[in-house]
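Quick note on our numbering: the sequence shown kicks off at -8 and runs consecutively. Ideal Cβ positions, reconstructed from N, Cα and C, are used throughout, including at glycine. Data block below; observations after.
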Amino acid sequence: MSRTLFRRTLFHSGTVWTGTGTTTDALSVRDGRIEALGAAALAGTHDDRVDLRGGMLLPAFGDGHCHPDHAGFEATGPHIRGLGTVEEIVEEVRRHAAAHPGDEWIIGGGYDATIVPDGLFDARWLDEAVPDRPVALRAWDYHTLWCNSEAMRRAGLDASTPDTPRGRFARRPDGALLGTMIEWDAVDAVLTAAPARTTEDLVTALAAATEAYAAAGVTWIQDAWVEHGTVEAYLEAARRGLLATRVNLAFRADPARWREQLAEFAADRARVRALGHDRLTTATVTADTVKFFVDGILENRTASLLAPYSDDPCTRGMPVWPYGDLLEALTAVDAMGLQAHLHAIGDAGIRTALDAIEHVTRVNGPRDRRPVIAHVQVLAEEDLPRFARLGVIANLQPLWARTDPPMTKLTFPRIGPERARRQYLIGSLLRAGVQVSFGSDWPVSDHRPLAGLPVAVTRENAEREPSGGWLPEERIGVEEALSAYSAGVAHQAFAEDERGTLAPGKVADLVWLNGDVRRLDPHDIAETTTVLGTWAAGVRTFPPVNRSGV
């Protein structure tokens, strides 16, 4: 991507939405920062002009929670996301294996767990396609894995393999392993037997993923699951100029080895800072966050609930951390000045996350720490006010706030009607004064903000049901949703003084749409709105400058 900057660029002949409740018709950029708006922008001479052609210019989008390496790797494996039957998936695995005879393992991601009862997939189905090489496929939620018999054999797994507090092996009636691995220890038992991804593989995946983000109008993302071995790939991608977005790295804290990880976190943060790679004054790569998985997910009954699951009264979920260890680890990470980013799905998981943040605040004292709780799916009413009181950012994935098959086939039966009414309370959180940022959890769901935006506004699924929206009181306005994707994410990134809204002096992170989404029927936004251009600090990242177009 080119880093050539025009001295002065004018954007004109369209609607410029500032993100602060005002609009104008022109904006000028000088050396990567917004110089002026309106008439002041039109004055004088310009080295370059961008005719908005009646479209909309607004603050570029951000993604407050995603997994770009996973998304990049999905594109290189069997293309199973979106397939609707076991037969289709098996046939695609067969095709991919035949096309890649030299691959020792066939690894892919994104299968739909709802197409089989209870999400339990059989190894023998994959054995029909590839009996002689290991196959390992992650479910679309990335908390579950389906593998063939050869993968289990290579990993040394059999009927004698015990479940653990952080992992469960689905079994046949006779106790033999079925081929579905649920959560950390079970999933890792298979994947650690596979060859490690190379740095070059990771660089390629990150380049592809960040290019996709630039095409979606995104200029900053939170990689919410970074392992120690991934950092070098980020550094190398930055050195080569292959990152089309800024990225903040959230190192995953492992309950089994978090104490030794503290030194790794410090060393990796120092390596990123030492790189000194930037786009003008804004760092392309930062490493200031640590990710904690507090619980799992509702679809496989591993999210932590205050009361038992409605369809299995013997479980309340699978906490990832012993509570005392979580408090100690979070306190230590906070003392290093790192931001906490906590995955919490169930009402008990969210309460645990809030309790831990409150403990850290009490022990380490006040500072601008901006802890993030991601997903916030089932929220107990009494815990809602704690977000604002503790300064916690609620990072939500708006595309999930609808009655799609995972919700109707898996989630609703798991939690029952009362808890179903406490899901994704976006409107309630905003009304309570909570800082809300939006993300995608890509590749779990679509990375494009223009896909999530209409769901936040309508709370309707692809069939526009239910009419008026699921939990309609939780719908929000188009401008509120745009702000959650821009100013909300900028606040999460400690960058609200630099970007997220359009004002003189701010970094010129911009996205150009073909029309004013505020004037559209929200149902039509995803189908009719197109990203025509993306700029990060005044540098065009989409379309790439070596292609035709403005």
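Less than 6 angstroms between the CB of residue i and some heavy atom of the ligand GTP, yes or no?
i      : result
Glu251 : Among the components modelled here there is no ligand, and therefore nothing to report on the ligand GTP.
Could you give the distance in angstroms between the alpha-carbon of residue i and the alpha-carbon of residue j?
i      : j      : result
Ile336 : Ser295 : 7 angstroms
Arg188 : Arg531 : 31 angstroms
Trp249 : Gly418 : 36 angstroms
Leu240 : Phe256 : 10 angstroms
Asp302 : Glu26  : 58 angstroms
Trp116 : Trp131 : 18 angstroms
Ala184 : Gly110 : 24 angstroms
Ala423 : Ala379 : 7 angstroms
Pro108 : Arg237 : 40 angstroms
Ile467 : Gly63  : 32 angstroms
His70  : Gly99  : 8 angstroms
Asp500 : Ala278 : 20 angstroms
Gly232 : Glu218 : 22 angstroms
Gly29  : Cys57  : 35 angstroms
Arg124 : Ile97  : 7 angstroms
Val367 : Ala494 : 32 angstroms
Ala323 : Gly506 : 48 angstroms
Asp374 : Tyr300 : 20 angstroms
Val363 : Ala34  : 42 angstroms
Thr492 : Thr105 : 40 angstroms
Val263 : Asp338 : 36 angstroms
Asp54  : Thr13  : 23 angstroms
So for residue i, helix, strand or coil by DSSP?
i       : result
His350  : helix
Gly100  : strand
Val285  : coil
Pro463  : helix
Arg262  : helix
His366  : strand
Arg(-6) : Residue confidence for Arg(-6) is low, a pLDDT of 48 falling below 50, so the modelled location carries little weight; the figure read from the coordinates is stated next. Coil at Arg(-6), not helix or strand.
Ser539  : Residue confidence for Ser539 is low, a pLDDT of 37 falling below 50, so the modelled location carries little weight and cannot support an answer.
Asn355  : helix
Arg85   : helix
Ala453  : coil
Ser419  : helix
Asp395  : coil
Gln483  : helix
Tyr314  : helix
Glu373  : helix
Tyr133  : coil
Met47   : strand
Between which residues of its own chain and residue i is the CB-CB distance below 7 angstroms, once the five residues before and five after are set aside?
i      : result
Gly540 : Because Gly540 carries a pLDDT of 37, less than 50, the predicted location of this residue cannot be relied on, and the following value inherits that uncertainty. Excluding positions up to five away in sequence, the list reads Pro534.
Val427 : Ala385, Leu387, Ile417, Leu420, Leu421, Ala475 and Gly479
Leu381 : Leu345, Ile348, Glu349 and Thr352
Leu321 : Phe283, Ala331, Ala347 and Val351
Gly208 : Ala51, Phe52, Pro440, Val502, Val522 and Thr525
Pro513 : Pro445, Val448, Thr449 and Val469
Ala326 : Asn355
Arg554 : An answer regarding residue 554 cannot be provided, because it is not within the stretch -8 to 541 covered by the chain.
By a C-beta neighbour count over all protein chains shown, 10 Å radius and 16 as the cutoff for buried, is residue i buried or exposed?
i      : result
Tyr204 : buried
Gly166 : exposed
Arg603 : What the structure shows of the chain is the stretch from -8 to 541, and residue 603 is not part of that stretch, so it cannot be assessed.
Cys305 : exposed
Thr135 : buried
Tyr225 : buried
Met47  : buried
Ala90  : exposed
Gly170 : buried
Ala265 : exposed
Ala261 : exposed
Arg163 : exposed
Met398 : buried
Arg510 : exposed
Thr11  : exposed
Ala340 : Reading the sequence as shown, one finds Gly at residue 340 and not Ala. By the neighbour-count rule (16 or more Cβ atoms within 10 Å), Gly340 is buried.
Ala196 : buried
Thr76  : exposed
Pro153 : exposed
Apart from the five residues on each side of it in sequence, which residues of its chain come closer than 8 angstroms, Cβ to Cβ, to residue i?
i      : result
Leu390 : Ser431, Ser436, Asp437, Ala442, Gly443 and Val446
Arg157 : Glu174, Trp175, Asp176, Pro246, Met309 and Val311
Glu372 : Arg413
In chain order, what residues of the same chain lie with their CB nearer than 6 angstroms to the CB of residue i, ignoring the 5 residues before and after it?
i      : result
Gly45  : Gly5
His37  : Arg(-1) and Leu1
Ala411 : Phe403
Ala146 : Ala180, Val181 and Ala184
Ala150 : Gly166 and Ala167
Ala200 : Pro59, Ala62 and Gly63
Do the stretch 115 to 135 and the stretch 75 to 92 touch if we need at least three Cβ pairs shorter than 8 angstroms? yes
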